[in-house]
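Engineer:
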Amino acid sequence: MATYTVNDDIVASAAARDYFIHADRRVMIGLRAALEMLRIPLPEYATRKPPGPAPSRAVAAAYQADQGARAAPKHVGSDPLGEHRLSAAVAKGKAKLARRSDLFTQTFPG
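In case it helps, our numbering puts the sequence shown at residues 9 to 118.
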């Protein structure tokens, strides 16, 4: 395999930084992939952000703080009608499937 010397000054330039930061995210993904495959160190602007907490957790925590403490939801097993409701939901689903017509019936009625 041939060995090539690569000058990475252009990738580290301010113009390249501005281009890649404002380009579509897929362009940045391609840059990272190409540099990683060639084992060229990534410039600072192309490094991935460290994984952190999900933003939705912070939103949920802020919502809970605004709304105050609420009672925890009841466990499913504590519902005295749980089995009846489950069997009713299954029967409703089966009835819905029975009423639904398939493509053959719609195309060739009767």
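We put the beta carbon where it would ideally sit given N, CA and C, even for glycine.
Is it the case that the region 16–30 contacts the region 47–59, given that we only count it when at least three CB pairs across the two stretches are under 8 Å?
Structural biologist: Segments in contact, yes.
Engineer: On the criterion of 16 or more Cβ atoms from any shown chain inside 10 Å, does Val14 qualify as buried, or is it exposed?
Structural biologist: The residue you call residue 14 lines up with position 6 of the sequence shown. So Val14 ends up on the exposed side.
Engineer: Quick check on DSSP: helix, strand or coil for Met9?
Structural biologist: Locating residue 9 in the sequence shown gives position 1, counting from the first residue. Residue state, collapsed to three classes: coil.
Engineer: Please report how far the alpha carbon of Tyr12 lies from the alpha carbon of Pro61, in whole angstroms.
Structural biologist: One-based indexing of the sequence shown puts residue 12 at position 4. One-based indexing of the sequence shown puts residue 61 at position 53. Whole-angstrom Cα-Cα distance: 41 Å.
Engineer: What number of angstroms, rounded off, separates the C-alpha of Met36 from the C-alpha of Leu94?
Structural biologist: One-based indexing of the sequence shown puts residue 36 at position 28. One-based indexing of the sequence shown puts residue 94 at position 86. Their backbone Cα atoms lie some 49 Å apart in a straight line.
Engineer: Would Val67 be called buried (16 or more neighbouring beta carbons within 10 Å of its own) or exposed?
Structural biologist: Start at 1 with the first residue of the sequence shown, and residue 67 comes out as number 59. Counting Cβ neighbours within 10 Å, Val67 comes out exposed, since fewer than 16 surround it.
Engineer: Where does Pro63 fall in DSSP's three states?
Structural biologist: Position 55 of the sequence shown, counted from the first residue, corresponds to residue 63. Helix.
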